[in-house]
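For the sequence shown, the residue numbers in our numbering are 363 to 884. Notes follow once the structure below has been shown.
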Amino acid sequence: MSKVTYQSKLSDKVAPFCEAMGQLFSKVERDLYKDLAKGEKLKDLKRNYQVKYSINARQFNSIYANLKGKISSRKECHSREIKEIKSRIKGLEKKIYTLTKKLRKTYPSCGINGAKSERGYLKWLLHQKKRKLSTNQLRLESLKNKKYSFIFGGKKLWKSQYNLEENGYNNHEQWLTDWQQTRSSQFTLIGSKDESSGNQNCQLSLDEMLKIRVPKALENQFGKYYLIEEINFPYGQRDVNYALAFNKALTFRFVKKEKGWYIFVSLDLPETPTLSSKRNGMLGIDLNPKVIGWSYCDLEGNLIDHGQIKINIQDKNKNQTLAILGDACKLLVEIGRKYQCPLAIENLDFSRKKASMTELGVKYSRMLSNFAYSCFYQILVSRGRSWGIEVIKVNPAYSSLIGLTKFMSLYGLSSDTAAGLVIARRALRLSERIPPKYARLVQVDSHRHVWSWWNALSKKLKGISRHSFFSSGANSPLEVNPYDEFLEQSRDRSIGKPQGTSRLRRDSSAPVDNAVRSTSPT
């Protein structure tokens, strides 16, 4: 079962009730956090809080569930911050090593027109990197030894009281009012499938009437029940009606935003029948900052169809990025529905690289900043689940290199569509051997994993231009062989020829026609 959330705007008439509920729930939540931190038992607190704050057991469970989620999120953020600092330290150490090595090779010289010389600039830059490294190491030790902090209302708003004018406040009382409203700007009422209408304290009927059980502490103001009319969810009413008809759990969350109060409903979607099958082949997807390459192959791994989807998310805001990626995912799922096959995508994680991207150069840092892989994957999975199309994650190791050396010239593909073909074949559990014309560059050991061969080949072919891997045909006189380019570079560097090879170019492949070249790759 997959969980989904829909939202709807509430009328301004309900603002007083929502604010009163938010203040009460926020007060109970903060006190509960303090008592739990002291080591008191939850069972005893639940019994005492029902009497102290005049709330029922289900309302207490809603407050505790919301607090538990916040604590879990804070722990995860604390762990992620430690990992990011470790990645930042690793990037700084690598940069310091590179600068130190470069400084040793730089001869002393004088600067021109008062500017620093190259050696002087390297010394200054090296000093700054060492300072930054020391600061991050101290920060890491502090995070490891100190328990994570937790501020209801947010750390940013809390710190703004120390600079009132810069943050748009005339006095401290104005900030205090904003602070109190922010802390009480939401409350949650959890549901259960064992309860009527999926929720004991907040029940939605099919005639769009929401009935909320008011805590005893607020009954004098709003009565025993509070009714809100015309509650509908434009983008998910059908799913909500399904949950009501089959008595599924409905959890309601009320949140105050700039335009007023909103209601969010979370529910479990029914299982969608899976239409895709590996027997129909696989659609491989290669995501890049400017283009998405896709390739469809049959069960044996033979290329059937391929294409590209142009995207441009550089310097786009969040909503624009979501719209662009959403349109691309829609097209990919439609292709998957056409062939009734699963979608295969790389299992990537750029969080560590993004943490140390300041040491990787401007161009690479810009690419990482605009690379919204996690967002793309979430949209693709959500869209695919709605239409019964499975999305599979595969290991991305050497997918680009395999596509360049094995499939790009064979099928006349671009580098991204060739990588997409590799991803599709890997999802079908097909292995990729090194082509014979590149096997001369590495020592093949049958006792080792095939990826060790690709690792050795990637080191040998490092620095060779991408277009050198493409050729118009196996028997074309215009074919460019990256192996010959490698030999040419080796002679220029006075390395000599590899052991067991010849400097003369050999073409042992027989002429083939288009019909023969369309067979399955080995």
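For every residue, glycine included, the Cβ atom is placed at its ideal position computed from N, Cα and C. All figures in this text were calculated on a predicted structure; none of them were measured in a lab.
CB contact flag (residue i, residue j, <8 Å)
i	j	result
Glu752	Thr636	yes
Asn582	Ile574	no
Leu665	Ala706	no
Lys485	Leu454	no
Leu612	Gly530	no
Val366	Gly598	yes
Ile647	Leu693	no
Pro758	Glu708	yes
Ser657	Gln702	no
Gln307	Asp601	Residue numbering for the chain in the displayed model covers 363 to 884; residue 307 lies beyond these limits and cannot be assessed.
Glu381	Ser546	yes
Pro596	Ser416	no
Ile451	Lys491	no
Gly663	Arg787	yes
Leu803	Lys824	no
Leu372	Ile590	yes
Phe549	Phe379	no
Ala781	Gly698	no
Tyr368	Leu394	no
Leu568	Asn603	yes
Residues bridged to residue i [DSSP beta-bridge criterion]
i	result
Gln670	Gly655
Gln548	Val617
Gln543	Paired residue(s): none; Gln543 is not in a bridge.
Trp623	Lys618
Arg575	Tyr587
Lys371	Tyr624
Gly646	Ser657, Ala706
Asp406	Asp406 is not bridged to any residue.
Ser364	Leu631
Leu665	Cys659
Residue i versus residue j - alpha carbon distance
i	j	result
Asn525	Asp540	14 Å
Thr767	Tyr426	56 Å
Lys506	Arg442	12 Å
Ile444	Tyr739	25 Å
Gln542	Asp677	35 Å
Ser370	Leu792	47 Å
Glu675	Leu684	Contrary to the premise, residue 675 reads as Ile rather than Glu in this sequence. So the alpha carbons of these two residues sit roughly 9 Å apart.
Gln421	Leu551	7 Å
Val653	Tyr735	13 Å
Thr884	Phe769	Any reading at Thr884 must be qualified, since the residue scores a pLDDT of 36, below 50, and its modelled position is unreliable; the value itself is stated next. Thr884 and Phe769: Cα-Cα distance of roughly 10 Å.
Ser424	Arg501	36 Å
Thr544	Lys389	12 Å
Gly384	Leu606	26 Å
Asn817	Tyr760	8 Å
Leu538	Glu391	19 Å
Ser641	Asp660	The question names Ser, but residue 641 is Arg in the sequence shown. If you take the alpha carbons of Arg641 and Asp660, they lie about 8 Å apart.
Arg886	Gly473	In this structure the chain extends from 363 to 884, so residue 886 is not present and cannot be described.
Met571	Phe614	14 Å
Gly789	Leu783	In the sequence on display, residue 789 carries Ala and not Gly. Going by the C-alpha atoms only, they are around 10 Å apart.
Gln499	Glu620	40 Å
Asp630	Gly553	11 Å
His829	Asn475	43 Å
Phe616	Lys432	16 Å
Val413	Lys586	17 Å
Lys610	Arg747	19 Å
Leu488	Ser820	31 Å
The alpha helix (DSSP H) enclosing residue i, as first and last residue numbers
i	result
Phe738	735-748
Asp397	377-399
Gln583	581-584
Ile697	680-701
Ser830	Unbroken run through Ser830: none, as it is neither H nor E.
Tyr760	It is not in any alpha helix (DSSP H) - Tyr760 carries neither H nor E in the DSSP assignment.
Thr779	777-789
Ile444	419-467
Glu503	480-507
Pro470	Unbroken run through Pro470: none, as it is neither H nor E.
Ala605	599-607
Ser820	812-822
Leu519	517-521
Lys799	798-801
Leu772	770-773
First through last residue of the beta strand (DSSP E) which encompasses residue i
i	result
Lys755	753-756
Leu705	705-708
Gln565	564-566
Worksheet item: Does the pairing of the stretch 428-435 with the stretch 400-417 give three or more beta-carbon distances under 8 Å?
Response: In this structure the stretch 428-435 does not lie against the stretch 400-417, because fewer than three pairs of beta carbons, one per stretch, are closer than 8 Å.
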